[in-house]
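Visitor: First the structure, which I've put down as structure tokens, then a few questions once you've had a look.
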Amino acid sequence: MKQVLFVILIVAAVAAGGAMFFLKGNVANLLRNRHAIPSPIAACTQVSAAEAQKIAQIVVDGFNELDPDPVHAVFDLQTLFGEAIHQVPLSDFERSNFLSGAMSGAKDIPNRWIAALGEEGRVKLLRIRLVDGHQRAQLRMLVGDGLNYLDLTIVRTPAGAIRVVDYQDMATGEPLSRSITSVVMPALASLTRTPLERLMQGSGDGYVASVGQVPELRKLIEEGKHQQAMERWRTLPEAFRTTRAGAALRMLIAQGIGPAEHLASLQEIERLFPNDPALSLLQVDANRLTKRYPQALQAIDRVDEQVGGDPYLDSLRADILIEAERIAEAQAAAARGCEREPTLIDLWWTAIGVSLKADAHAQAASLLDEVKTRFGTKLADDLSTISGFERFGQSKEYAEWRARQPMPKTPATSPAVQQAVAAGDVRTAVIAVIAERLARDPATLNDGSRLTADLKADELDIAELLMDLEDAFSVKLDEERELTTIGDLIRYVEGKVTPPSTPPTPQKPGK
Numbered sequence: 018m019k020q021v022l023f024v025i026l027i028v029a030a031v032a033a034g035g036a037m038f039f040l041k042g043n044v045a046n047l048l049r050n051r052h053a054i055p056s057p058i059a060a061c062t063q064v065s066a067a068e069a070q071k072i073a074q075i076v077v078d079g080f081n082e083l084d085p086d087p088v089h090a091v092f093d094l095q096t097l098f099g100e101a102i103h104q105v106p107l108s109d110f111e112r113s114n115f116l117s118g119a120m121s122g123a124k125d126i127p128n129r130w131i132a133a134l135g136e137e138g139r140v141k142l143l144r145i146r147l148v149d150g151h152q153r154a155q156l157r158m159l160v161g162d163g164l165n166y167l168d169l170t171i172v173r174t175p176a177g178a179i180r181v182v183d184y185q186d187m188a189t190g191e192p193l194s195r196s197i198t199s200v201v202m203p204a205l206a207s208l209t210r211t212p213l214e215r216l217m218q219g220s221g222d223g224y225v226a227s228v229g230q231v232p233e234l235r236k237l238i239e240e241g242k243h244q245q246a247m248e249r250w251r252t253l254p255e256a257f258r259t260t261r262a263g264a265a266l267r268m269l270i271a272q273g274i275g276p277a278e279h280l281a282s283l284q285e286i287e288r289l290f291p292n293d294p295a296l297s298l299l300q301v302d303a304n305r306l307t308k309r310y311p312q313a314l315q316a317i318d319r320v321d322e323q324v325g326g327d328p329y330l331d332s333l334r335a336d337i338l339i340e341a342e343r344i345a346e347a348q349a350a351a352a353r354g355c356e357r358e359p360t361l362i363d364l365w366w367t368a369i370g371v372s373l374k375a376d377a378h379a380q381a382a383s384l385l386d387e388v389k390t391r392f393g394t395k396l397a398d399d400l401s402t403i404s405g406f407e408r409f410g411q412s413k414e415y416a417e418w419r420a421r422q423p424m425p426k427t428p429a430t431s432p433a434v435q436q437a438v439a440a441g442d443v444r445t446a447v448i449a450v451i452a453e454r455l456a457r458d459p460a461t462l463n464d465g466s467r468l469t470a471d472l473k474a475d476e477l478d479i480a481e482l483l484m485d486l487e488d489a490f491s492v493k494l495d496e497e498r499e500l501t502t503i504g505d506l507i508r509y510v511e512g513k514v515t516p517p518s519t520p521p522t523p524q525k526p527g528k
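The numbering of the sequence shown is this note's numbering, which starts it at 18 and goes up by one.
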């Protein structure tokens, strides 16, 4: 279960932007009076639950619609960053300079959050709660099999605006303002030493420069270069690596390397922050990776209690119970989740997976019908070829279920496709198949078009595209192959085929 970590993005931006701006403008103000200031959030006032819900829903809708503008509009980053450094003794000029840099570094943070969520991201407002005198909006964030919870602190600012001024990330276990403090405090403490120490020893520059590598690490992660990112992470100062943000960054990198490295990163977090109840979400993975299933289930129970109840956690329970070979309990957990939140498709797919594991073929067929009816989900023409469905595909229940389904569409074998195949023009044939299967204008398609992000193709669309191309070129294509763009698909097919000299026979409906 990969964690959805926004804290890394914003801490990197603030540390690099704010501290570097501080360095640039600080020398001329070495002798200014330094002092802490009151908490900016303490100067804000409480809003009603209804007001908080309205703001929280703006954030949720922005995330789900992949629109950063409304998210940016309701986040008060100035107050957030001010809260992070309000206890640091700084001159007014130094504080202003740091905040200017932090704001500059974080100006595109909502865009990065949206990019991190991507097409698979789903965000839901679970509840509004009053905590420490301010309303907290609890959001559940799902990205693929990744889960996290955000608690947004929503207040009325001294200017009268209702804004989000901080949030707590369950995967890191502390408010974002505190994560920022833990990262920038060593840098600012070094930078506020005596003029001679600072100018001659350069004690602040080394830490700041090291933390400034975090955006580079994020880029390596996005490029899939996790081993290189881990090597770079190990060169960061221990003062950063042992913060929650630094340890969370290691975990994020480790998830892309493998289970052993992931487990090691989780165990290090437990060592650094022992007996911290906020780490229950991470302990689900730590115990699952070591096959300590009872402890993993106990960790889920703790998360459920901390968030005030979340039906999605029944999906996690069911998955772990399957691994523990406790099939009947897994079926009960999956059914309970579907009953508690029937609008969440993930729970229905979990229930289908449990039914397949239990060889409850009649139940699997019924659940597939439920998914099609409730969500309008388009299923593959032949489920028996999909991993996990093999035994179901050989059952009489599947034969009966398939016989009830509408006749599948005839795969794309238009004259344009046949002509391109006959001419050995793989690129034109692939684009023609994509255009017909996804109802797109071929003129708008190019090698760089992304199948999921740009063309909105889901897994079944891609599976059907591959089947169409198999029929067109009489080859076998691997559904597990990672294909991001049209160019990837073209190159894959080119490597598989020698185009025939005559067009293939069109596939009959229902084949």
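Note that beta-carbon positions come from the ideal geometry of N, C-alpha and C, so glycine has one too.
Below 8 Å on the Cβ atoms is my contact criterion, and I expect I317 with L333 to pass it. Report the Cβ-Cβ distance as a whole number of Å.
Guide: 6 Å
Visitor: So does the region 168-177 actually touch the region 69-87, counting three or more Cβ pairs closer than 8 Å?
Guide: The region 168-177 vs the region 69-87: in contact.
Visitor: Looking only at its own chain, which residues have a Cβ that is under 6 Å from the Cβ of L40, when we skip the five neighbours before and after it?
Guide: Unreliable positioning characterises L40 in this predicted model, as indicated by a pLDDT of 47, which lies under 50. The coordinate reading is nonetheless provided below. Nothing listed; no residue qualifies.
Visitor: Whose C-beta lies closer than 6 Å to the C-beta of I54 among residues of the same chain, with five residues either side of it excluded?
Guide: Apart from sequence neighbours up to five positions away, the residues of its chain that approach I54 with a beta-carbon distance below 6 Å are H103, ordered along the chain.
Visitor: Can you name, in chain order, every residue of its own chain whose Cβ lies under 8 Å from the Cβ of V447, other than the five neighbours on each side?
Guide: L486, I503, L506, I507 and V510
Visitor: How many angstroms separate the CA atom of L48 from the CA atom of G161?
Guide: Legend: pLDDT at L48 = 48, less than 50; position of this residue unreliable, no value from coordinates given.
Visitor: Does the Cβ of G325 have 16 or more other Cβ atoms within 10 Å, making it buried, or fewer, making it exposed?
Guide: exposed
Visitor: Give the DSSP-derived three-state secondary structure of V148 in the structure shown.
Guide: Residue state for V148 is assigned as strand, using DSSP reduced to three classes.
Visitor: Entirely within the region 76-107 and at least 4 residues each: give me those alpha helix (DSSP H) ranges in chain order.
Guide: 85-91 and 94-102
Visitor: Is it true that the region 398-406 meets the region 435-446, where meeting means three or more beta-carbon pairs spaced less than 8 Å apart?
Guide: no
Visitor: Apply the 10 Å Cβ neighbour rule to H52 and answer buried if 16 or more other Cβ atoms are within range, or exposed otherwise.
Guide: exposed
Visitor: Looking at L142 and A90, is the spacing between their C-beta atoms short of 7 Å?
Guide: no
Visitor: E278 to A188, Cα distance in whole Å?
Guide: 17 Å
Visitor: Give the straight-line distance between the Cα atoms of L296 and G190, rounded to the nearest whole angstrom.
Guide: 6 Å
Visitor: Buried or exposed: where does R391 fall if 16 or more other Cβ atoms within 10 Å of its Cβ makes it buried?
Guide: R391 is exposed by the Cβ-count criterion.
Visitor: Tell me where the beta strand (DSSP E) around T170 begins and ends.
Guide: G163 to R173
Visitor: Distance, Cα to Cα, Y329 vs A347?
Guide: 14 Å
Visitor: What are the start and end residues of the alpha helix (DSSP H) that includes R408?
Guide: E407 to G410
Visitor: Straight-line CA distance for Q284 to E255?
Guide: 17 Å
Visitor: Exposed or buried, what is D149 when buried is set at 16 or more other beta-carbons lying within 10 Å of its beta-carbon?
Guide: exposed
Visitor: Here's the rule I'm using: 16 or more other beta-carbon atoms within 10 Å means buried, otherwise exposed. How should E481 be labelled?
Guide: buried
Visitor: Going along the chain, which residues of its own chain have a beta-carbon closer than 8 Å to the beta-carbon of R267, five neighbours each way excluded?
Guide: Once the five neighbours on either side are set aside, the close Cβ partners of R267 are M247, W250, R258, S282 and E285.
Visitor: Suppose the cutoff is 8 Å on Cβ atoms and the five residues either side in sequence are ignored; what does the same chain contact list for T501 look like?
Guide: R467, L468 and T469
Visitor: If we ignore side chains and look at the alpha-carbon of each, how far apart do I131 and A452 end up?
Guide: 28 Å
Visitor: To which residues of the same chain is A379 closer than 7 Å at the C-beta, ignoring the five residues directly before and after it?
Guide: E414
Visitor: Nearest CA to the CA of A262: which residue from A381, T198, G99 and L94?
Guide: When only C-alpha atoms are compared, the closest one is T198.
Visitor: Taking only three categories from DSSP, how would you classify R251?
Guide: coil
Visitor: Reducing DSSP to helix, strand and coil, say where K308 ends up.
Guide: coil
Visitor: Secondary structure at A439, three-state DSSP: helix, strand or coil?
Guide: In the three-state reduction of the DSSP assignment, A439 falls in the helix class, which pools H, G and I.
Visitor: Is it a yes or a no for the region 114-121 touching the region 299-315, going by three-plus beta-carbon pairs under 8 Å?
Guide: no
Visitor: Short of 8 Å in beta carbon distance, which residues of its chain neighbour A449, apart from the five on each side in sequence? Order them along the chain.
Guide: A429, S431, A433, V434, A437 and P459
Visitor: Tell me which residues share the same chain as D183 and place their Cβ nearer than 7 Å to its Cβ, disregarding the 5 neighbours each side in the sequence.
Guide: I58, L97, E100, T170, P192, L193 and S194
Visitor: Assign K374 to one of two classes, buried (16 or more other C-beta atoms within 10 Å of its C-beta) or exposed (fewer than that).
Guide: buried
Visitor: Going straight from the alpha carbon of S108 to that of N50, what length do you get?
Guide: Their backbone Cα atoms lie some 5 Å apart in a straight line.
Visitor: Can you name the residues that DSSP bridges to K141?
Guide: R157
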